[in-house]
């Protein structure tokens, strides 16, 4: 790679939709981090535009421009690794809860990133969002529409329930860490007290022996 890998540490905790844009250089990988519960659908949509840093204006996209999308789970397992076009949508399913790295890297060498220019990437990430296609809704009758929206709400409730379970597990981990820390601090304080008492007793004994030796007592 011509440029070193650059990683954005955006912790987008518990947001249903995350939208951002960033500038990207030639063969430069940039990542975001999503804290995602297990068994959760994640959908992303991006659009690439060539950006002139001097004039701060968009340029025509070069032919063959695409984007590699790499998604890794908390255990470094690769959930998605695929080349898409200049604008595309991608989805993946989380297998375990924790921080997931969503990385994008252009496939360009010299064809898409011109001298002094960057690529501007607009990225939307939806966690646990099940989008309803309104164009299909218009063709359905009222019963099917209500059924579809009820299923949509049910999936949203399931996602919220998984979020709550995940949050409770994180709180339990923090509580255990706090208890272990408090216990360690208590034992360390007791150890210091024993050391201080032992040193004091030893000093008193030495002073007593010194006074006896000098016949001062």
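Residue numbers (the numbering used here): 17 to 233. Glycine included, each C-beta is placed from N, C-alpha and C at the ideal position. No experiment lies behind these values; they were computed from the predicted model shown.
Spatial neighbours of residue i in its chain, beta-carbon cut-off 6 Å, leaving aside the 5 residues before and after
i           : result
residue 140 : 35, 61
residue 87  : 95, 96, 108, 118
residue 215 : none
residue 169 : none
Within 9 Å, strictly: CB atoms of residue i and residue j
i           : j           : result
residue 143 : residue 37  : no
residue 83  : residue 123 : yes
residue 178 : residue 55  : yes
residue 63  : residue 102 : yes
residue 210 : residue 116 : no
residue 235 : residue 182 : With the chain covering 17 to 233 only, the question about residue 235 has no answer from this structure.
residue 135 : residue 66  : yes
Cα-Cα separation, residue i to residue j
i           : j           : result
residue 234 : residue 193 : The question about residue 234 has no answer, for the chain in this structure spans 17 to 233.
residue 90  : residue 118 : 11 Å
residue 222 : residue 204 : 27 Å
residue 92  : residue 53  : 16 Å
residue 225 : residue 217 : 12 Å
residue 81  : residue 48  : 21 Å
residue 219 : residue 212 : 11 Å
residue 189 : residue 160 : 44 Å
residue 127 : residue 104 : Residue confidence is low: residue 127 scores 46 on pLDDT, short of 50, so the model does not pin down where it sits. Its coordinate-derived value is still stated next. Whole-angstrom Cα-Cα distance: 20 Å.
residue 207 : residue 229 : 33 Å
residue 173 : residue 191 : 27 Å
residue 180 : residue 195 : 22 Å
residue 197 : residue 187 : 15 Å
Check: residue i C-beta below 8 Å from any heavy atom of the ligand MN
i           : result
residue 102 : The model depicted lacks the ligand MN and carries no ligand whatsoever.
Same chain, Cβ closer than 7 Å to residue i, neighbours up to 5 away in sequence not counted
i          : result
residue 85 : 96, 98, 100, 106, 120
Residues near residue i in its chain [Cβ-Cβ closer than 8 Å; skip 5 each side]
i           : result
residue 111 : 54, 55, 89, 93, 95
residue 162 : none
residue 201 : none
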